[in-house]
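Structure first, commentary second.
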Amino acid sequence: MQFKLNVVVGAAAILMTGAVYAQDMVVKIGHVGPTSGGIAHLGKDNENGARMAIDELNAKGATIGGKKVKWELLAEDDAADPKQGTAAAQKLVDSKVNGVIGHLNSGTTIPASKIYSDAGIPQISPSATNPKYTRNGYKTTFRVVADDVHLGGTLGKYAVTELKGKNIAVIDDRTAYGQGVAEEFAKGVKAAGGNVVGREFTNDKATDFTAILTGLKAKKPDVIFFGGMDAVAGPMLRQMKQLGITAKFMGGDGICSGELPKLAAGTMADSQVFCAEAGGVDGAGKVKLDKFKADFKKKFNADVQIYAPYVYDATMVMADAMVKAGSADPAKYLPVLAKTSGYDGVTGTISFDEKGDIKNGALTLYTYKAGKREQIAVVR
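With mature numbering (1 follows the signal peptide of the UniProt record, and there is no 0) as the guide, the letters of the sequence shown map in order to residues -22 to -1, 1 to 358.
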């Protein structure tokens, strides 16, 4: 009798366990960045930021609508190529992801955003700064960094008022990001009373800039601005040195990485290079960001390059909206995501405006000394 009772109780326990397990849900978060090609180090940095968030969410054991969640990261490589970016986006849509974090570049983020919008899947970019991204009228697009209007304009003003640049040259790589930030920089220079003496362009795969730089050298620029990424900026700095050009070198967040001194092969003079990163914290917020960077280093045995903390925050903001909505269904949590206000992230307070842009976005200005990036100031 006792034996039979135990069997019944055991069977009931198995059934109950099965019932609980059946109620668990899987939430798929897509991430897209260039994990191959010239800026693979930045793409991997982003992907690791997403992985860190997913691992923490699983460790915390969050529930959505009373169901325990297993969070999964579906990571795709777009090689910073618009065509590959849209293919990656379609693959994530076909995989029925609940949301997407990415892409890294504006040139891939913007065309991919239509695919996500058509599928009704929320997308948060941690790094695409071209204003067009959130100005296409899609309800599914968000970003957690300030755009190029703010970033480029601030750098343009800084070149004139702080670096005392009188003759300023501008080069861009013809990508959506590079061209956009260069245009806003030039506007900022002119608004501050500076003189743009040359506008040149290259491409995001170029390695030889001798002709462009030789032409600009004759114009005696005090400052050269490059709209593009660090993989191109490094060789450009090396060739400036070879040609005896001692102008200050400026760029947006695309060049503002820990990898730049290595890519420039030791040719950067102290306080020659100035850049800005979209985002930034100071005061008490810096403690939280510093802890994130230390935890990141411990987990991946790599320093944060640029955007990993923003990817982490973007992932957490998306998960928070799902929890608050009690659903991972994009149609149900999207309105909650759009109303995100006062979220306390490692990169600062996150609130979205009606376009999906971050409100009161900060910028951090940096220079480089002894081969290390050094913070100058956080501005809003």
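For each residue, glycine too, the CB sits at the ideal point set by N, CA and C. Here the structure is a predicted model, which is why all the values come from computation and not from measurement.
Asked	Found
Spatial distance of VAL301 from LEU191 (CA atoms)	53 Å
Chain-order list of residues whose beta-carbon lies under 7 Å from that of ALA(-11) (same chain, five-residue window excluded)	The predicted model places ALA(-11) with a pLDDT of 42, which falls under 50 and marks its position as unreliable; any figure quoted below should be read in that light. Answer for ALA(-11): no residue qualifies.
CA nearest to the CA of CYS253, picked from ASP208, ASN279 and ALA65	ASP208
Per-residue burial, GLU332 [other beta carbons within 10 Å of its own, 16 or more giving buried]	exposed
Assigned secondary structure, GLU332 (DSSP; H/G/I helix, E/B strand, else coil)	coil
Distance between GLY205 and ALA242 (C-alpha atoms, nearest Å)	16 Å
Helix, strand or coil at THR293 [DSSP, three-state]	helix
Contact under 9 Å by Cβ, GLN283 with ASP23	yes
Residue nearest to TYR136 in terms of C-alpha spacing, selected from PHE187, TYR344 and ASP260	TYR344
Alpha-carbon to alpha-carbon, VAL138 and LEU129	15 Å
Extent of the continuous beta strand (DSSP E) run through ASP186	Here ASP186 belongs to no beta strand (DSSP E), and DSSP marks it neither H nor E.
Option nearest ALA225 by Cα separation, candidates ILE202, ASP231 and GLY236	ILE202
Endpoints, the alpha helix (DSSP H) within which LEU238 is located	238 to 241
Cα-Cα separation, GLY334 to VAL123	11 Å
Option in GLN101, GLU34 and LYS350 with minimal Cα separation from SER235	LYS350
Segment contact, 8 Å Cβ cut-off, at least three pairs: the region 141 to 149 with the region 169 to 180	yes
Which listed residue (PRO287, LYS168 and LYS271) has its alpha carbon closest to that of ASP281	LYS271
Chain-order list of residues whose beta-carbon lies under 7 Å from that of ILE93 (same chain, five-residue window excluded)	THR64, ALA67, GLN68 and VAL71
Residues of its chain near ALA53, where Cβ-Cβ distance is below 6 Å and the 5 sequence neighbours each way are ignored	HIS9 and GLU25
Cα-Cα separation between ALA(-1) and ILE42, rounded to whole angstroms	Note that ALA(-1) has pLDDT 43, beneath the 50 cutoff, so the model's placement of it is unreliable and no number is given.
Alpha-carbon spacing of ALA189 relative to VAL289, whole angstroms	38 Å
According to DSSP, residues forming a beta bridge with LEU341	ALA256 and VAL357
Buried versus exposed, by CB contacts within 10 Å (16 or more), SER73	exposed
Limits of the unbroken alpha helix (DSSP H) element including LYS38	18 to 38
Contacts around LEU86, its chain only, beta-carbon distance under 6 Å, and the 5 residues preceding and following it disregarded	Here residue 86 turns out to be Thr, not Leu, going by the sequence shown. Answer for THR86: ASP56, PRO60 and GLY63, listed in chain order.
C-beta atoms of ASP231 and SER95 nearer than 9 Å	no
GLY131 to ALA164 span [Cα, whole Å]	8 Å
Inter-residue Cα distance where the pair is VAL167 and GLY134	4 Å
Short Cβ contact (9 Å threshold) for SER91 with THR118	yes
Within 9 Å, strictly: CB atoms of ILE328 and THR318	yes
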